[in-house]
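The listed protein sequences correspond, in order, to chains A and B.
For the record, in the first sequence the residue sitting at position 195 is 195 according to the numbering used here, with numbers rising by one throughout.
If you count the second sequence from 1, you need to add 1000 to reach the numbering used here.
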Amino acid sequence: MNDLVRLERVTCAYGRVPVLVNIDLTITPRQFSGIVGPSGSGKSTLLRVLLGTMEPLAGSVNRRQGLRVGYVPQVESINWSFPVTVSECVLMARTSGRILPWRSKAERAEVGAVLGRLGIEHLAGRHIRDLSGGQQQRVFIARALLGQPELLLFDEPTSGVDVRTRHQVLHLLDDLHRDGLAIVLTTHDLNGMAAHLPHLVCLNTEVLGQGAPRDVLVADVLERTYGAKLEILEHAGMPIVLDDYVPTDGNIARIRKAGA
Amino acid sequence: MGELLRPFEFEFFRDGLIVATFAGALCGLVGVYVVLKGMSYIGHGLSHAIFGGFAASALLGVNFVLGAGAWGLASALMINGVTRRRLIGADAAIGVITTASFALGLALFALFGRRGQSFDAALFGSILGVGTEDVVAIVAVTALVALVVFFGYRQLLFTTFDPEVAEASGVRTARVDAVLMLLLAVSILATMQVLGVTLIAATLVIPATIARMLTSSFSRMLLLATGIGAVTGFVGMNLSYHLDVQSGPTIVLVGATLFALVFTVTGTHGLRRASGLHDLAATARHVTTP
């Protein structure tokens, strides 16, 4: 099997409430995809299915034999009061490899290398809470990378971060993708994040469209995904999604991003 | 000085001191996981559940360690199962299981009288009746728990911090959680005689919280909490003799005093570090309502 993960007619539910219904999705090597959809549309659940921590009620999930998957959780889900330094956190990726508590020389070098690659080597001894938003994201990316994944799953990488950090994360992911990593992320941010990705999946319990942003960020697909009419503009060849606009005296009085 | 050293002439005190020091260290070590996983209510409830087994084994003439131990392990696994399934609120389920077990213990003592191990000692802790076998038991349990924590350090850390990613990374988190519950049950069982069921939760939580206020490193927190627990056990037991107050309350009060001192010294910085450890307040509420 060449594909990394292939989902066929996957259905998942929490109790009796279906969250994903008949999902067909294939993740190939070097793919770079964003999953978009409103809150409660099943984006995080889909990531869990790809990760292997959620078993579907029906359908099949085929992973390539020995596939290594890295996962970067939402920053909101992290217990920032937990007493771990950056290096302790990153080293968690080596849990199954060694029984002794302390780091081996090789592990020390590996952690140093991955932190250096992400430009946060100097923060190794700092507590994870004492970092900026972008640095915190990098710590968890470093943990995922230490497991040498072929597929990186990223849950809401730009949630709650400022514009500068969003740009940094986007560039970092782009670099990792160029290095050969397949990346699947979820995002609410249609214009700041999704529009910049090569491939999008529109999700609202079922897959309502997938393809390049230009083909997916269109009024019809977005209306079915978000259940609301959305206006699409084009700027420098890229789609820009407007939501809930009310023209007043010929001006757009109120603009906000879809799903925000 | 001579007055301070006088109790060391008595074998029962020396045994009690060793047991209290090891009990403090043991609870400090296990307490790190209890506090960080938000399990202090489970620790409190489990100690009460074991009281039911204590009462039943006393009345049936079954060996206390075997009877209360089996009861405690069964309660621990039941609580772990309920907590993981999340079908009903964990707090509610734990409240039902453990309080019913505690109530059963009280009812058995009321119906059939108090036999065997002291009723008050089980509730509030006492060094009277601590013998060589108790010393051997607490040293053995502490060594066992320390070994499990040492060799399971990485899996315990990952599961405590980020269970979902740990599971996805190949860590068997269900097994790790079950082991942790068993360690907690064994620790409570081994320390019940000296600390008392109503006060064990505090000795689990206080050293870990103090340690958290002093460090941001997990490994250092483990070492600090163990050391702080041992010191509070040692000092508390000495004070227990000199003040003629039960060992459980004095050990807890020494811990609480140390907490106040560290809080004063570290101020808001220490408090900010420990800000996620909301279980301290919950435990303080529970220990006042046996």
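Every residue, glycine too, gets a C-beta built ideally from N, C-alpha and C.
All values derive from a computational prediction rather than experimental measurement.
| said: Using CA atoms only, rank isn't needed, just tell me which of F1151/B, F1124/B, L1060/B, G1129/B is closest to R98/A. | reply: Comparing Cα-Cα distances from R98/A to each of F1151/B, F1124/B, L1060/B, G1129/B, the minimum goes to F1151/B.
| query | What does M1221/B touch in chain A if you count any residue whose Cβ is under 9 Å from its own? | reply | Simply P83.
| task | For the segment 31-62 of chain A, list the alpha helix (DSSP H) runs that are entirely contained and at least 4 residues long, ordered along the chain. | result | The segment 31-62 of chain A contains these whole alpha helix (DSSP H) runs: 43-51.
| Does the segment 1194-1207 of chain B come within contact of the segment 1004-1014 of chain B, defined as at least 3 CB pairs closer than 8 Å? | With a cut-off of 8 Å on Cβ pairs, the segment 1194-1207 of chain B is not in contact with the segment 1004-1014 of chain B, counting fewer than three such pairs.
| Which chain B residues are close to Y71/A, counting only those with a beta carbon under 9 Å from its beta carbon? | Chain B residues near Y71/A: E1164, V1165, A1168, S1169.
| task | Put G1152/B into one of helix, strand or coil per three-state DSSP. | result | DSSP places G1152/B in the coil class of the three-state scheme, outside both helix and strand.
| request: Spatial neighbours of A93/A within its chain, please: CB distance less than 6 Å, with the 5 preceding and 5 following residues excluded, ordered by chain position. | output: In chain order, R143, L146, G147 place their CB closer than 6 Å to the CB of A93/A, counting only its own chain and leaving out the 5 sequence neighbours on each side.
| message | Once the 5 residues before and after A1137/B are set aside, which same chain residues still bring their CB inside 8 Å of it? | response | Hits under 8 Å: V1065, A1190.
| request: Output, in chain order, the set of chain A residues within a Cβ distance shorter than 9 Å of D1212/B. | output: The question names Asp, but residue 1212/B is Arg in the sequence shown. The contacting residues are S81, P83.
| Inter-residue CB distance, F1051/B and F1102/B (contact presumed, cutoff 8 Å) | Contact holds; Cβ gap of about 5 Å.
| request: Classify A1260/B as buried or exposed, calling it buried when 16 or more other Cβ atoms lie within 10 Å of its own Cβ. | output: So A1260/B counts as exposed.
| query | By Cβ distance, which residues of its chain are closer than 6 Å to P157/A, with the 5 residues on each side in sequence left out? | reply | Result list for P157/A: V169, L185, in chain order.
| request: Please look up how many angstroms separate the CB atoms of D1015/B and G1170/B, rounded, as I've assumed it's under 8 Å. | output: About 44 Å separates the beta carbons of D1015/B and G1170/B, which is beyond the 8 Å limit, so they are not a contact pair.
| request: Please classify S1187/B: is it buried, with 16 or more other beta-carbons within 10 angstroms of its beta-carbon, or exposed? | output: By the Cβ neighbour-count rule, S1187/B is buried, with 16 or more other Cβ atoms within 10 Å of its own.
| field | Endpoints, beta strand (DSSP E) assigned at P18/A | value | Segment 17-27, the beta strand (DSSP E) holding P18/A.
| said: Considering only the alpha carbon of each residue, which of E150/A, G42/A, R16/A lies closest to V5/A? | reply: Here the closest residue by C-alpha is E150/A.
| said: For a quick check, are the C-beta atoms of V139/A and V111/A less than 8 Å apart? | reply: It is not a contact, given that the beta carbons lie outside the stated cut-off.
| request: For G1248/B, I'd like the list of residues in its chain whose CB is within less than 6 Å of its CB, leaving aside the five on either flank, ordered along the chain. | output: Excluding positions up to five away in sequence, the list reads F1124, G1125, L1195, G1196, L1199.
| message | If contacts are defined as beta-carbon pairs under 8 Å, then V21/A and E206/A qualify, I think. What distance do you get, rounded to the angstrom? | response | 5 Å between Cβ atoms; contact.
| Separation of A1100/B from M1237/B, as counted between CA atoms | Cα to Cα, the separation comes out at about 31 Å.
| said: Can you check whether the C-beta of H127/A is within less than 8 Å of a C-beta belonging to chain B? | reply: So, interface residue.
| request: Classify L185/A as helix, strand or coil using the three-state DSSP reduction. | output: If DSSP states are grouped into helix, strand and coil, L185/A belongs with the strands.
| Which residues mark the beginning and the end of the alpha helix (DSSP H) in which F1022/B is found? | It spans 1011-1036 - the alpha helix (DSSP H) in which F1022/B sits, taken as one unbroken run.
| Reduced DSSP category for I252/A - H, G, I as helix; E, B as strand; rest coil | Its pLDDT being 43, under 50, I252/A is placed unreliably by the model, and the measurement read from it follows with that caveat. DSSP places I252/A in strand when its eight states are reduced to three.
| query | Considering only the beta carbon of each residue, do L131/A and L123/A sit closer than 8 Å? | reply | Yes.
| Neighbour flag for A93/A against chain B, beta carbons, 8 Å | Yes - at least one Cβ of chain B is within 8 Å of the one on A93/A.
| Closer than 8 Å at the beta carbon, the chain B residues around I99/A | The contacting residues are F1151, R1154.
| With a CB to CB cut of under 7 Å and the five nearest residues on each side skipped, what residues in its chain are close to L1073/B? | So the qualifying residues of the chain are L1182, A1185.
| Given I1251/B as reference, the closest of T1098/B, S1040/B, P1207/B once Cα atoms are compared | It is P1207/B.
| said: Closer than 8 Å is the cut-off here; do at least three beta carbon pairs connect the segment 1027-1035 of chain B with the segment 1223-1232 of chain B? | reply: With contact defined as three or more Cβ pairs closer than 8 Å, the segment 1027-1035 of chain B and the segment 1223-1232 of chain B are in contact.
| query | Do you know offhand how far N2/A's Cα is from M1221/B's? | reply | If I take the Cα positions, the gap works out to 46 Å.
| Quick one: Cα of N79/A to Cα of F1161/B, how far? | Taking the CA atoms as reference points, N79/A sits about 7 Å from F1161/B.
| task | Check whether the Cβ of L233/A lies closer than 8 Å to any Cβ atom in chain B. | result | By this cut-off, L233/A is not an interface position.
| What is the rounded straight-line gap between the Cα of A253/A and the Cα of S96/A? | Below a pLDDT of 50, predicted positions are generally treated as unreliable, and A253/A, at 40, falls in that range; no measurement from the model is reported.
| How should P29/A be labelled, buried or exposed, when 16 other C-beta atoms within 10 angstroms of its C-beta is the threshold for buried? | Around the Cβ of P29/A, a 10 Å sphere holds fewer than 16 other Cβ atoms; the residue is exposed.
| Hey, how far is the Cα of L47/A from the Cα of G1069/B? | Rounded to the nearest whole angstrom, the C-alpha separation of L47/A and G1069/B is 42 Å.
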